[in-house]
Every structure is written in structure tokens, then in C-alpha cells.
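What follows is one structure encoded as C-alpha cells, with my remarks underneath.
Take a look at the structure:
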């Protein structure tokens, strides 16, 4: 850390407000569709964390595209 960051009176960076979800899904695979539908039926709010394409590897690169070669 620089001396400026440790200086008296220095302000910490601000963070985005915290959001609360009834269900938080890590990874947007095929299970997301089912989880979202069930949560919707219950009136729940749903959060999602995904670093790649939504609907995951099976649809985009894995199981389903490989069936085209069979």
C-alpha cells in the first residue's frame, strides 16, 4: 500500500450496496433453469454469479454439441 492510502483522514473506497436474494445460484448451468422456475413459483428473488456463458458447458461446449458427431 502507498503512504497516501495509510495517511490519516484517507477514505476507504466505497462499495456497491448489498443486495439480498432469497436464492443465490453459483454457475448458470442447466440446473439454473429449474432453480429459477421453482423460486419464481415461490415468489423468491434470485441472484446469479457466472463467469462464462449462461446455460453452461453442457449446452455451449459439452454434451449437446458433441452429440452432433454421433
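Numbering (my numbering), first residue to last: 129 to 198.
Built from N, CA and C at the ideal position, the CB exists for glycine as well.
Remember, it's a predicted structure, so these values are computed and weren't measured experimentally.
(message) According to DSSP, simplified to helix, strand and coil, what is residue 159?
(response) Residue 159: helix per DSSP, three-state reduction.
(request) Give the range of the beta strand (DSSP E) segment to which residue 153 is assigned. (result) DSSP places residue 153 inside the beta strand (DSSP E), whose first and last residues are 151–154.
(message) So the candidates are 161, 173, 157 and 179; which of them puts its Cα closest to the Cα of residue 147?
(response) Nearest C-alpha to residue 147 among 161, 173, 157 and 179: 173.
(request) List the whole-angstrom C-beta distance separating residue 167 from residue 180, where the pair is believed to meet the contact cut-off of C-beta under 8 Å. (result) At roughly 22 Å, the Cβ-Cβ gap does not stay under 8 Å, so residue 167 and residue 180 are not in contact.
(message) Rounding to the nearest angstrom, what Cα-Cα distance links residue 170 and residue 144 in this structure?
(response) One C-alpha to the other measures close to 28 Å.
(request) Pick helix, strand or coil for residue 165, following the three-state DSSP scheme. (result) Helix at residue 165.
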